[in-house]
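Per UniProt numbering: the sequence shown = residues 1 to 351.
Even for Gly, the Cβ is constructed at its ideal location relative to N, Cα and C.
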Amino acid sequence: MELAYQHEQENQQEHYLQQQQGNVIAQQQPLRNMQLGLSIESDQKVALNVIRAFLKSKTSFDVLPVSYRLIVFDTSLLVKRALNVLLQNSIVSAPLWNSKSSKFAGLLTANDFLNIVHYAATNPEHSVSLSDTLTLDGLADIGSMSGSSALDTVSIHPFRSLYDACEKMINSSARRIPLIDRDEETHREIVVSVLTQYRILKFVSMNCRETRYLLQPLRDLNIGTTSNLCHARLNTSIGEVINLLIQHHISAVPILDDDNKLINVYEAVDLLSLIKGGVYADTSLSVGEALLRRSDDFEGVYTCTLSDSLFVVLETIRKSRLHRLFVLDEEGKLLGVMTLGDILKYILFSE
Numbered sequence: 001m002e003l004a005y006q007h008e009q010e011n012q013q014e015h016y017l018q019q020q021q022g023n024v025i026a027q028q029q030p031l032r033n034m035q036l037g038l039s040i041e042s043d044q045k046v047a048l049n050v051i052r053a054f055l056k057s058k059t060s061f062d063v064l065p066v067s068y069r070l071i072v073f074d075t076s077l078l079v080k081r082a083l084n085v086l087l088q089n090s091i092v093s094a095p096l097w098n099s100k101s102s103k104f105a106g107l108l109t110a111n112d113f114l115n116i117v118h119y120a121a122t123n124p125e126h127s128v129s130l131s132d133t134l135t136l137d138g139l140a141d142i143g144s145m146s147g148s149s150a151l152d153t154v155s156i157h158p159f160r161s162l163y164d165a166c167e168k169m170i171n172s173s174a175r176r177i178p179l180i181d182r183d184e185e186t187h188r189e190i191v192v193s194v195l196t197q198y199r200i201l202k203f204v205s206m207n208c209r210e211t212r213y214l215l216q217p218l219r220d221l222n223i224g225t226t227s228n229l230c231h232a233r234l235n236t237s238i239g240e241v242i243n244l245l246i247q248h249h250i251s252a253v254p255i256l257d258d259d260n261k262l263i264n265v266y267e268a269v270d271l272l273s274l275i276k277g278g279v280y281a282d283t284s285l286s287v288g289e290a291l292l293r294r295s296d297d298f299e300g301v302y303t304c305t306l307s308d309s310l311f312v313v314l315e316t317i318r319k320s321r322l323h324r325l326f327v328l329d330e331e332g333k334l335l336g337v338m339t340l341g342d343i344l345k346y347i348l349f350s351e
């Protein structure tokens, strides 16, 4: 019964898409009769205004592919079973559904598994019972006991503008946002899809030609984090890395060598492949040992320099799937970290 909802939701989703496909209101393209070529700085300001208008003219639904698959978990499902489904389908998040109230119940992400592992490591006497009894509706309690944020519950209607979706993600520090509609007849909520920052930025880079005018070097833009950077070494324990991820509310920790040169990254999602039985992992492992167990579909480490422009960054996003870029100097030493959220924040709010 727990997994049956997944198939029911897939059928509802297919019906919804067929019903709504022809109802998307065509939005007028942003006017592009702007004056360019005055200077790199002025061109960038004008281009940013056009990109913002573009985001306001498109809905979140416009970004979705014609065909896609959506996996939704009932909150009564055991965490270890949900983890197995995530790993089998090579996904790192899924919407949660409360079948009793017929409502969206939050978004399961790698951060929730971080909280579980942290709790199990600090309360080893409970780790075995957690494996057999912990269900998805208990994640909020685990998160609060681990001193972390609660389950992500932010959502948006699929026909709200992309700009609104970006704004909601930035304000909630979320990397993805579920699209939730409501059936007019039954008044039940419908989980339409999940929109990510990556998909939005790729959509912009592919459909908004003004990105070519974003030519100011990153050193002039103040994007990302350049101070108090967290990092680890290959001999750092996974337990220490987990503490860094939770305490600093970050999704990845750069791995540096003895010369402070970037050699790899350990991401929150890497923890999924280490978890045993759905609730705990061997946190005494070193980062180097853990990286050997990393999934084969790891997307790689992406870097840039302060001389690169935002156009170059968006072109990289258009061609490659990534979640952050590490800013390096000419010797390969770490200068900063720029996430996709940082890029969206700059596009929306920079003056």
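Is the beta carbon of residue j closer than 8 angstroms to that of residue i?
i: residue 397; j: SER60; result: Since the first and last residues shown for the chain are 1 and 351, residue 397 lies out of range.
i: LEU96; j: LEU114; result: no
i: ARG182; j: ILE190; result: yes
i: SER205; j: LEU325; result: no
i: ILE317; j: GLU210; result: no
i: ASN111; j: ALA232; result: no
Any idea what DSSP makes of residue i, helix, strand or coil?
i: TYR266; result: strand
i: THR283; result: coil
i: VAL204; result: helix
i: ASP220; result: helix
i: ASP112; result: helix
i: THR303; result: strand
i: LEU55; result: helix
i: HIS7; result: With a pLDDT of 41 at HIS7, under the threshold of 50, the predicted position of this residue should be treated as unreliable, though the coordinate-derived value follows. Note: HIS7 maps to helix in three-state DSSP.
i: LEU322; result: coil
i: SER42; result: helix
i: LEU86; result: helix
i: ALA26; result: Residue confidence for ALA26 is low, a pLDDT of 33 falling below 50, so the modelled location carries little weight; the figure read from the coordinates is stated next. In this structure, ALA26 counts as coil in the three-state DSSP scheme.
i: ASP259; result: coil
i: LYS333; result: strand
i: ILE71; result: coil
i: ASP296; result: coil
Quick check on the burial criterion: 16 or more other C-beta atoms within 10 angstroms. Buried or exposed for residue i?
i: SER350; result: exposed
i: LEU77; result: buried
i: TYR213; result: buried
i: GLU331; result: exposed
i: VAL66; result: exposed
i: ASP152; result: buried
i: SER295; result: exposed
Could you tell me the boundaries of the beta strand (DSSP E) in which residue i lies?
i: ALA94; result: 94–98
i: ASP62; result: From DSSP, ASP62 is part of no beta strand (DSSP E) but of the alpha helix (DSSP H) over 60–63.
i: ARG176; result: 176–182
i: LEU256; result: 252–256
Please report the residue range of the alpha helix (DSSP H) in which residue i lies.
i: SER193; result: Per DSSP, SER193 belongs to no alpha helix (DSSP H); it is in the beta strand (DSSP E), 189–196.
i: ILE347; result: 340–349
i: LEU234; result: Segment: none, LEU234 is in no alpha helix (DSSP H) and carries neither H nor E.
i: TYR163; result: 162–172
i: SER239; result: Note that residue 239 is Gly in the sequence shown here, rather than Ser. Element bounds for GLY239: 238–247.
Nearest chain D C-beta to residue i closer than 8 angstroms, yes or no?
i: ALA105; result: The chain labelled as chain D is not found in the depicted structure, where only one protein chain is given.
Can you determine whether any heavy atom of the ligand SAH sits closer than 7 angstroms to the C-beta of residue i, and answer yes or no?
i: GLU189; result: Among the components of this structure there are no ligands whatsoever, and the ligand SAH is therefore not found.
Handout entry: Inter-stretch contact (C-beta, 8 angstroms, three-pair minimum) for the stretch 169–181 and the stretch 302–312
Key = no
Problem - At least 3 beta-carbon pairs within less than 8 angstroms: the stretch 213–225 vs the stretch 289–299 - result: no
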